[in-house]
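Everything on this sheet refers to the single structure shown next.
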Amino acid sequence: MTLDSVRGTTGGPGSGDTDARPALSRCIDVSPDTFAAEYWGRRALLSPASGLHADFSDLFSASAVDELVRERGLRTPFIRMAHEGSVLPPASFTASGGFGAEVGDQVSSEKVLAEFAAGATIVLQGLHRVWPPLIDFTRRLVDDIGHPAQVNAYVTPASSRGFDPHYDVHDVFVLQIAGEKHWRIHAPVHPDPLRDQPWTDHKAAVAEAALGEPVIDAVLRPGDALYLPRGWIHSATALGGTSVHLTVGMSAYTRADVVRALVSTLGAHESLRESLPLGVDWADAEAVRPVVEQVVGEMVAALTGGGTRVSPAADSGAGAGADAQDALVSRTLARRFAEATRPEPVAPLATIDAIASLGAASVVRWRGSLAARVESLPGDDGASGKVRIITPSKSLTLPGETEAAVRRLHEGGPVPLAELPGLDDADAVVVVRRLLREGILVPA
1 MTLDSVRGTT GGPGSGDTDA RPALSRCIDV SPDTFAAEYW GRRALLSPAS
51 GLHADFSDLF SASAVDELVR ERGLRTPFIR MAHEGSVLPP ASFTASGGFG
101 AEVGDQVSSE KVLAEFAAGA TIVLQGLHRV WPPLIDFTRR LVDDIGHPAQ
151 VNAYVTPASS RGFDPHYDVH DVFVLQIAGE KHWRIHAPVH PDPLRDQPWT
201 DHKAAVAEAA LGEPVIDAVL RPGDALYLPR GWIHSATALG GTSVHLTVGM
251 SAYTRADVVR ALVSTLGAHE SLRESLPLGV DWADAEAVRP VVEQVVGEMV
301 AALTGGGTRV SPAADSGAGA GADAQDALVS RTLARRFAEA TRPEPVAPLA
351 TIDAIASLGA ASVVRWRGSL AARVESLPGD DGASGKVRII TPSKSLTLPG
401 ETEAAVRRLH EGGPVPLAEL PGLDDADAVV VVRRLLREGI LVPA
């Protein structure tokens, strides 16, 4: 495969719906639609610095590395170090924080300096939790791609290699921040590895593949970006000076995740809850085969809506039938997504101040990236209904007359209280005060 075949050649960053996916567009030089159709999970993409990703200095920098090491009191595992492919013991770059911060695994700036000067790579992990520009960028990227993401920084001294050729079990974007780094990329020996299928399971095959002709053999310079699907083998060496790059790891949901969620519905089917026969020799594959065949047949019938009776209790939650299975898969993956990602952080003090000064002219908006479902609840015996807001962490029920206002807020964008439909100014203040306190809205 030639270098041109992995560079973006079908539409530049100005084509496609880049406004709808601005964070993703910073990482690629093809349109988001082209990336989704031709590259995501399929093949590597090298995007030279241009257009939307000509410069990543607003996200991170060499001075940011010094600030994090020198001033922020990072602890393991937010920092680690490696030298020529081997991870260093934490004691070689950490120490106690001294009086008032007697924690033994805090970063020691002088120890980091000594190891870095000797050729070790600094790895700053979880920057989507500690560095404000990357907190915002990662949240927006997660909105764009629909999969959880994290950000690490790799800081490599001149002519040093951080890690041996390996593959990751998640997709990555590499964003070159400073310096130059020589990357060698090889096709997978184990395509689309799952989380429990690390490269060390195929160590010999990875090492052999890394000796062959690379798919990509390129030097990344500031503003360049590289996309690697999980399983693609890679190694990198800094050139001529200190190299800083970000690795944005994306934990893609897979078809196997849908299968696991579907399997979790099978307990609703009576036949699949029955005990297995007595006296089966589980060490005898021939004896086990008819049991497996019967269970597989019943499982297929259950998942396709035929052949087995379903417990009445399943109708109210466990899920019977294709529609209920779809709903359960949706709930399962949505719950997992919510646990793996974070909505926009709230500012407690500013929120309390905003609550204290609420008025008709105040402007609020739905909290960024907060996954929520808004449901209408009918009333009993002709009584007015209610509206329910369901988030990953809570469920909140409000009077039915607030539904139009809640749905307007849920649509997104800043909204003055005076413009909330169906509410007068006094009621709007009461409703917004509650939603601000619950962390569903934020001051605009």
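Numbers 1 to 444, taken from UniProt numbering, label the letters of the sequence shown in order.
Virtual Cβ for every residue (Gly too), placed ideally from N, Cα, C.
Comparing C-alpha distances from Ala-334 to each of Ala-261, Val-103, Ser-108, Glu-102 shows the shortest one belongs to Ala-261. Under the 8 Å Cβ criterion, the region 198 to 211 does not count as touching the region 238 to 253, having fewer than three qualifying pairs. Taking 8 Å as the upper bound for CB-CB distance, Ala-426 and Ala-361 are not in contact here, some 14 Å apart. Secondary structure within the region 203 to 270: the alpha helix (DSSP H) runs of 4 or more consecutive residues, fully enclosed, are 203 to 209, 255 to 263 (chain order). In the DSSP assignment, Glu-180 falls within the beta strand (DSSP E) that extends over 171 to 186. Note on geometry: alpha-carbon atoms of Gly-413 and Ser-369 lie some 12 Å from one another.
Around the beta carbon of Leu-349, fewer than 16 other beta carbons lie within 10 angstroms, which makes this residue exposed.
In the DSSP assignment, Ser-376 is bridged to Val-387.
In the DSSP annotation of this structure, the continuous segment of the beta strand (DSSP E) that includes Thr-156 starts and ends at 149 to 156. Taking Arg-184 as the centre and dropping the five residues before and after it, the same chain places the C-beta of Pro-165, Ala-210, Pro-214, Ile-216, Asp-217, His-234, Ser-235, Ala-236 closer than 8 Å to its C-beta, in chain order.
With a 10 Å radius around the Cβ and a threshold of 16 neighbouring Cβ atoms, Ala-23 comes out buried. Across the set Leu-226, Phe-163, Ala-225, Gln-176, the C-alpha of Phe-163 shows the shortest separation from the C-alpha of Trp-199. Looking at Ala-117, Gln-294, Val-258, Glu-110, the one whose alpha-carbon comes closest to that of Gln-325 is Val-258. Two segments are said to touch when three or more pairs of C-beta atoms, one from each, lie closer than 8 Å; by this definition the region 337 to 347 touches the region 142 to 151.
Buried is the label assigned to Ile-389, since at least 16 other Cβ atoms lie within 10 Å of its Cβ. When DSSP states are grouped into helix, strand and coil, Ile-28 belongs to the coil group. DSSP places Trp-199 within a helical segment (H, G or I) once states are collapsed to three. Where Ile-135 is concerned, the enclosing alpha helix (DSSP H) starts and stops at 132 to 145. For Ile-440, there is no enclosing beta strand (DSSP E), as DSSP marks it with neither H nor E.
Proximity to Gly-119 across Lys-111, Phe-137, Ala-158, Gly-126 peaks at Ala-158, based on C-alpha coordinates. Of the residues Glu-270, Glu-110, Val-292, Leu-239, the one whose Cα lies closest to the Cα of Ser-160 is Leu-239. Annotation for Pro-188: Gly-231, Trp-232 place their beta carbon closer than 6 Å to its own, counting only its chain and skipping 5 residues before and after.
Tyr-39 is the residue among Tyr-39, Ala-20, Val-432 whose C-alpha sits nearest the C-alpha of Val-172.
For Gly-359, the closest alpha carbon among the candidates Pro-416, Arg-72, Gly-385 is that of Pro-416. Nearest Cα to Ala-405 within the set Leu-423, Thr-397, Thr-34: Leu-423.
Within the DSSP bridge table, the entry for Pro-399 names Lys-386 as partners.
In the DSSP assignment, Ala-418 falls outside any alpha helix (DSSP H), carrying neither H nor E. If you draw a 10 Å sphere on the C-beta of Glu-403, you find 16 or more other C-beta atoms in it, and that means buried.
Of the candidates Ala-283, Glu-286, Thr-254, Met-299, the residue whose Cα lies closest to the Cα of Glu-270 is Met-299. The beta carbon of Ala-44 sits closer than 8 Å to those of Val-6, Ile-185, Val-215, Ile-216, Leu-226, Tyr-227, Leu-228, Pro-229, Trp-232, all from its chain and outside the five residues before and after it, given in chain order. Looking at the DSSP output, His-83 sits in a beta bridge with Ser-86. Closest in C-alpha terms to Pro-443, from the list Leu-420, Ala-82, Val-346, comes Val-346.
The C-beta of Leu-113 has fewer than 16 other C-beta atoms within 10 Å across all chains shown, which makes the residue exposed.
Note that the C-beta distance between Ala-62 and Val-174 is not below 8 Å. Pairing Gly-179 with Gly-241 gives a Cβ-Cβ distance under 8 Å. In this structure, Ile-177 keeps its C-beta atom at 8 Å or more from the C-beta atom of Val-123.
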